[in-house]
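What follows is a single structure, written as structure tokens, with notes after it.
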DNA sequence: ATGAAAGCGCTAACAG
DNA sequence: CTGTTAGCGCTTTCAT
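Protein chains in written order, with UniProt numbering: chain E, 1 to 326; chain S, 1 to 326.
Below is the structure:
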């Protein structure tokens, strides 16, 4: 493999000079610069990035941690984040943890060792104190999940979103609502708080039911089948937590000839395209994921360039998308 | 930051010894090994990976190149591939190109510079000769797309899959079929060949129609609306190319009161969960993505460990999932 | 079994 | 403007 030395020799200059032109330094005579440039061109030389990174202690790589990529919400979030990073000239590197603590810690370790210049965490499997401790490894911002940490956290106002959706169902006269979470997490709990808050307004907080681990279409089908089996479910409204789960529920409803929304209303979350084509079309909630992703990288940029950075807790409000499932 | 020197000094040994225990070498006295180990433990020392990688010219990182992650098919493929890599003890690093040549070339450059030990390419934006040239950078295997290259390529037998699906439609008496591709690529063309082959058997190859750039639910809705607008479409069967596109078409069909499959049959591709809940449920094709992903990494392993490696062209056959849309 | 020494390829003072 | 020098943190001969 060709090195900086080779082309230095070839051009009759020192390797510092080559390094200088490589790094766009001033103070290199135009003549030598051209000579070096053409030698590089001619030989097809590429600097050894591993050496450069090692030397500079810097990679411009940003890690994006996500539970998994094959999940409609995280896929779109990760994509927005990647694009925002690329736009800043960083290299986004996606890491999937599958909820595994060790994998997550491995990524944080990379930050400590400067394999990564920063990390954007969309969701963590670690318990709060441990995560708080990891934050000391370097710039770790949180995008999506709402952790109470001493770092910048950008998240959706899930409480308000859930309140809005729930209130919307309640106003159509529904009284016995079921709330689905995918997994327990601060955001999901915030959502649940919003749900309860709406119920409380109508004095219905007593009857609140919740069910966890609902994430896929299949989960929705399963839940719906169980609920609607005897056509005498006590539930008359379901807060599904994701459009996919809601789509599964709607499917089960149709199979069991439960009319939606008359007999049972259903709301989704995320405003994924699937919500347009369910029968009936799904009432859902649209969040400004792209805006949140962009702001997260903007904040990371501030932190990386180091001027006067202070952690912020930012919240995004989305909007209700009313359709015919309510 | 702590280095290997620090703990060498602390233990009163040379840094070579520390390096040896770090790398699990033999020939280190049990006594010193323990001493070093406990010093590492105590100080929380982690070797600087950038330095290690630089020195060893090896990162154990495998790049996975994909057009984008927010796409049901690629998301699931990437996930399978990631898992398979992780199972081998490698670090899967996902790169999205968004069909951009430069981004793709950037990743190949990382291979040349040993930032990556290998690459798994799911789809390329480069023209064949250029891609062929890139293959010389190091181990680049192809998983999914069917390029005629001098490297291992694992792909689905799209031609046979399309033939099966098409034949299936034809056997129900359909005659005027429309074929949708997402983008032109060898695999997609192979699919189209299978489609034509089936038509030819029935002497219907003349009337074959194809349309490109169909990838999302929305694309499907748009296409369906156009086709069904006057309720007098000449098309009586649609080969949709993906379950999402098919779902959009089915939605449009219902809106325009076109009965499926009577008036127009529709087939999907991928057997994504969404295919279960469309109305009617979607006839689709299930491919063994996970198996293909696993074999790809197994082949990469062979190549990386270097014993007697020869490029192979492997093909996976899936199976028809007949449902009520045909 | 272990230490000394020689780099990996590159950058960054420092001294002209 | 440019070359010399001194490493970055680690691995790996090569002696011992």
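Even for Gly, the Cβ is constructed at its ideal location relative to N, Cα and C. All figures in this text were calculated on a predicted structure; none of them were measured in a lab.
Taking only runs of the beta strand (DSSP E) that begin and end inside the stretch 136-188 of chain E, which ones reach a length of at least 3 residues, in chain order? Segments of the beta strand (DSSP E) lying fully in the stretch 136-188 of chain E: 140-144, 153-156, 177-180.
Can you tell which of S/172, S/208, S/283 has its C-alpha closest to the C-alpha of residue 247 of chain S? By alpha-carbon distance to residue 247 of chain S, the top candidate from S/172, S/208, S/283 is S/283.
Check whether the Cβ of residue 256 of chain E lies closer than 7 Å to any Cβ atom in chain S. For residue 256 of chain E, the answer is no, since every Cβ of chain S falls outside 7 Å of its Cβ.
With a threshold of 7 Å between beta carbons, is residue 54 of chain E in contact with chain S? Under the Cβ criterion of 7 Å, residue 54 of chain E is counted among the residues facing chain S.
Spatial neighbours of residue 294 of chain E within its chain, please: C-beta separation below 6 Å, excluding the five flanking residues on both sides. In chain order, 84 place their CB closer than 6 Å to the CB of residue 294 of chain E, counting only its own chain and leaving out the 5 sequence neighbours on each side.
N- and C-terminal bounds of the alpha helix (DSSP H) containing residue 321 of chain S: Annotation for residue 321 of chain S: no alpha helix (DSSP H) segment contains it, though the beta strand (DSSP E) segment containing it runs 319-321.
Please tell me whether residue 238 of chain E and residue 178 of chain E are closer than 7 Å, where the distance is taken between their beta carbons. Residue 178 of chain E is positioned such that its CB atom lies closer than 7 Å to that of residue 238 of chain E.
Does the stretch 264-273 of chain E come within contact of the stretch 163-178 of chain E, defined as at least 3 CB pairs closer than 8 Å? With a cut-off of 8 Å, the stretch 163-178 of chain E and the stretch 264-273 of chain E count as touching, because enough Cβ pairs lie within range.
Within a Cβ cutoff of 7 Å, which residues of the same chain sit near residue 57 of chain S, ignoring the five residues on either side of it in sequence? Non-local beta-carbon contacts of residue 57 of chain S in its own chain, meaning distances under 7 Å to residues more than five positions away in sequence, involve 114 in chain order.
With distance defined between alpha-carbon atoms, name the residue in E/25, E/63, E/210 nearest to residue 95 of chain E. Answer by Cα proximity: E/63.
Work out the CA separation of residue 254 of chain S and residue 218 of chain S for me, nearest whole Å. The alpha-carbon of residue 218 of chain S is positioned some 15 Å away from that of residue 254 of chain S.
Which listed residue (E/225, E/215, E/228, E/234) has its alpha carbon closest to that of residue 207 of chain E: It is E/234.
Three-way DSSP call (helix, strand, coil) for residue 61 of chain S in this model: Residue 61 of chain S: strand per DSSP, three-state reduction.
Taking only the alpha-carbon atoms, compute the straight-line gap between residue 190 of chain E and residue 122 of chain E and give it to the nearest angstrom. Residue 190 of chain E and residue 122 of chain E have their alpha carbons spaced roughly 16 Å apart.
Going by the beta-carbon positions, is the gap between residue 261 of chain S and residue 152 of chain S smaller than 7 Å? Not in contact: residue 261 of chain S and residue 152 of chain S (Cβ atoms no closer than 7 Å).
Residue-level contact to chain E via CB, residue 215 of chain S, 7 Å cutoff: Nearest CB-CB separation between residue 215 of chain S and chain E: not below the 7 Å threshold.
Quick one: is residue 18 of chain E near chain S, going by C-beta distance under 7 Å? It does not: the Cβ of residue 18 of chain E has no partner Cβ on chain S nearer than 7 Å.
Look at the alpha carbon of residue 155 of chain E and the alpha carbon of residue 80 of chain E, and state the distance between them as a whole number of angstroms. One C-alpha to the other measures close to 14 Å.
Give the range of the beta strand (DSSP E) segment to which residue 267 of chain S is assigned. Unbroken beta strand (DSSP E) run through residue 267 of chain S: 265-267.
What distance in whole Å lies between the Cβ atoms of residue 279 of chain E and residue 250 of chain E, which are believed to be in contact at a cut-off of 8 Å? Taking 8 Å as the upper bound for CB-CB distance, residue 250 of chain E and residue 279 of chain E are in contact here, some 7 Å apart.
Range of the contiguous alpha helix (DSSP H) that encloses residue 258 of chain S: Residue 258 of chain S -> no alpha helix (DSSP H), and no H or E assigned at all.
Compute the Euclidean distance between the alpha carbons of residue 69 of chain E and residue 275 of chain S, then round it to the nearest angstrom. Their Cα atoms are separated by approximately 20 Å.
What does the alpha-carbon distance come out to for the pair residue 337 of chain S and residue 210 of chain E? Absent from the structure is residue 337 of chain S, since the part of chain S shown begins at 1 and ends at 326.
Terminal residues of the continuous alpha helix (DSSP H) containing residue 43 of chain S? That run of the alpha helix (DSSP H) goes 30-43.
Please list, in chain order, the residues of the stretch 73-85 of chain S that have any C-beta partner in chain E closer than 7 Å. Here the close residues are 75, 76, 78, 79, 82.
7 Å CB neighbourhood of residue 101 of chain S in its chain, flanking five on each side removed: Result list for residue 101 of chain S: 125, 126, in chain order.
Same chain only: Cβ atoms within 7 Å of residue 7 of chain E, ignoring 5 sequence neighbours per side: Only 18, 36, 39, 40, 43, 45 meet the Cβ criterion.
Opposite residue 96 of chain S in the DSSP bridges: which residues? Within the DSSP bridge table, the entry for residue 96 of chain S names S/66 as partners.
Taking Cβ to Cβ, would you say residue 241 of chain E is nearer than 7 Å to residue 181 of chain E? Cβ atoms of residue 241 of chain E and residue 181 of chain E: closer than 7 Å.
Give a yes or no on whether 7 Å exceeds the smallest Cβ distance from residue 5 of chain E to chain S. Residue-level contact check: residue 5 of chain E does not touch chain S, since none of the beta carbons of chain S fall below 7 Å from its beta carbon.
Pull up the distance between the alpha-carbon of residue 187 of chain E and that of residue 214 of chain E, whole angstroms please. Rounded to the nearest whole angstrom, the CA to CA distance from residue 187 of chain E to residue 214 of chain E is 15 Å.
Rounded C-beta distance between residue 117 of chain E and residue 51 of chain E? I'm assuming under 8 Å. The Cβ separation is near 17 Å, so there is no contact.
Once DSSP output is grouped into helix, strand and coil, what is the label at residue 347 of chain E? Chain E is shown only over 1 to 326; residue 347 of chain E falls outside these bounds and no answer can be derived.
Nearest by alpha-carbon distance to residue 292 of chain E: which of E/132, E/131, E/145 is it? That would be E/145, whose Cα lies nearest to the Cα of residue 292 of chain E.
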